[in-house]
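First up is the structure itself, then whatever we jot down about it.
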């Protein structure tokens, strides 16, 4: 299970991403497990907020923003 990314080029890159719940995660239904995917989907947009706020007025694309990475530690209840 997971996602495999295979890039052919110089250099070639192959990576596998597996998503697991944290040790304190409790779920009893598929719907509750879907929360993990929703969090992963939202993370890039949430982490981009400071760069978007700092950008000049107008439409900002990924080309206009700096490289967006993790800006803080994830914590339960956030």
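In the numbering used here, the protein residues as written are 702 to 779.
All C-beta atoms, glycine included, are put in the ideal place defined by N, C-alpha and C.
Keep in mind that this is a model prediction, so the values were computed, not measured.
Would the beta-carbon of residue i fall within 7 Å of that of residue j?
i           : j           : result
residue 769 : residue 755 : no
residue 716 : residue 706 : yes
residue 752 : residue 766 : yes
With distances taken from CA atoms, which of the options is nearest residue i?
i           : options          : result
residue 702 : 709, 721 and 753 : 721
Just grab the DSSP bridge partners of residue i for me.
i           : result
residue 716 : 706
Can you give me the Cβ contacts of residue i inside the same chain, cut-off strictly under 7 Å, excluding the 5 residues immediately before and after it?
i           : result
residue 737 : 720 and 722
Once you ignore the five residues that flank residue i on each side, which residues in its own chain have a CB closer than 6 Å to its CB?
i           : result
residue 714 : 708
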